[in-house]
Amino acid sequence: MKRRKTSRFGRDMEKWFQSIALIRRVQDGKNLWLARESDRRPDMVDFIAAPRLESESFRETIRREVGWVLDLDPKRDLLVSNMAQLNLEFVASLPNSTADSHIAASFFLVEIYGRRAMQKIESDPANRWMTSGEVCSGELETGETVDPRLLFLLDRAKVINAWD
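Each residue of the sequence shown is one higher than the one before, starting from 251 at the first, in the working numbering.
Here is the structure:
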């Protein structure tokens, strides 16, 4: 979500604040990361992310959004880490933009619990499990690409390693 306000950086600029879900499962000793088809482009995938609503915390944002997007019960089907794996706040131009934005992103690990919840995720054709290498390279074996904004943030954050 972008908003135009005067930031603490002293300039009038767009704001881009997001909580980002790092939903992981381990298969054959390798981490796989859950992504979904982009609403903007069907040939692109993105992690579940959302801006904060009113007075909720970044953690509450992820809990709400993951439950809503995956049609899961946040109290029963998932666990969001108590603290963000990493919080970023900086000024930069997002991909495909020429103007600087005030960017803040919080990355939260999310664990999915229960066979029913995992079956629901597996049965949704919009979901994709990506290897760490695919996440870092920005391209899936299917030819789909990772949203360039997510790649930009993941590269800056270093929360996923290609060799993982």
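All C-beta atoms, glycine included, are put in the ideal place defined by N, C-alpha and C.
Item, Value
"In whole angstroms, give me the CA-to-CA distance for Lys255 and Phe357.", "Caution is warranted here: a pLDDT of 47 is assigned to Lys255, below 50, making its placement in the model unreliable, and no coordinate value can be reported."
"Using only the alpha-carbon positions, how far apart do Pro324 and Ser331 sit?", "13 Å"
"Among Met368, Glu310, Ala349, Pro345, which has the Cα closest to the Cα of Val276?", "Met368"
"Evaluate contact between the segment 264-279 and the segment 287-303, counting only Cβ atoms and requiring at least three cross-stretch pairs below 8 Å.", "yes"
"With DSSP run on the structure shown, which of helix, strand or coil describes Leu303?", "coil"
"Between Trp318 and Ala342, what straight-line distance do the alpha-carbon atoms span, to the nearest angstrom?", "30 Å"
"Quick one, which of Ala407, Ile362, Trp379, Gly388 has its alpha-carbon nearest Lys280's?", "Trp379"
"Is it the case that the Cβ atoms of Asn377 and Leu284 are separated by a distance below 8 Å?", "yes"
"Quick check on the DSSP output: the beta strand (DSSP E) that includes Ser288 runs from which residue to which?", "It is not in any beta strand (DSSP E) - Ser288 carries neither H nor E in the DSSP assignment."
"Check Met368 in the structure and name its three-state DSSP category.", "helix"
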